[in-house]
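Numbering (the working numbering), first residue to last: 7 to 89.
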């Protein structure tokens, strides 16, 4: 007889942070610095190149990706929403 293990998996809930911009758009690397995710432009570049940031649910490796109001950037289980 095979025993079945009973365990529950906890899924970490994602935190949502709203950020307001006053321009038409902001570049992804600048936005990561604006949200204090990256300390420098070089750090932001590495985050983006390694595919650690998602834009609207998809991995984005474009540093110059233009973000506009309504877009969402996800990094380390935190969603930053542009309002």
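We treat Cβ as the ideally placed atom computed from N, Cα and C, and that holds for glycine. Everything numeric in this text was worked out from a predicted model, so none of it was measured.
Could you have a look at residue 37 and say whether DSSP puts it in helix, strand or coil?
-> Residue numbering aside, residue 37 sits at position 31 when the chain shown is read from its first letter. Note: residue 37 maps to helix in three-state DSSP.
Would residue 13 be called buried (16 or more neighbouring beta carbons within 10 Å of its own) or exposed?
-> The sequence position of residue 13 within the chain shown is 7, counting from 1. By the neighbour-count rule (16 or more Cβ atoms within 10 Å), residue 13 is not buried but exposed.
Taking the C-alpha atoms as reference points, what is the distance between residue 32 and residue 23?
-> Your numbering for residue 32 matches position 26 in the chain shown. Your numbering for residue 23 matches position 17 in the chain shown. Approximately 16 Å, taken between the alpha carbons.
Helix, strand or coil: which one does DSSP assign to residue 16?
-> Here the question's residue 16 lines up with position 10 in the chain shown. Here residue 16 sits in coil by DSSP.
Report yes if the C-beta distance between residue 51 and residue 80 is below 8 Å; otherwise report no.
-> The residue labelled residue 51 in the question sits at position 45 within the chain shown. The residue labelled residue 80 in the question sits at position 74 within the chain shown. No, they are not a contact pair.
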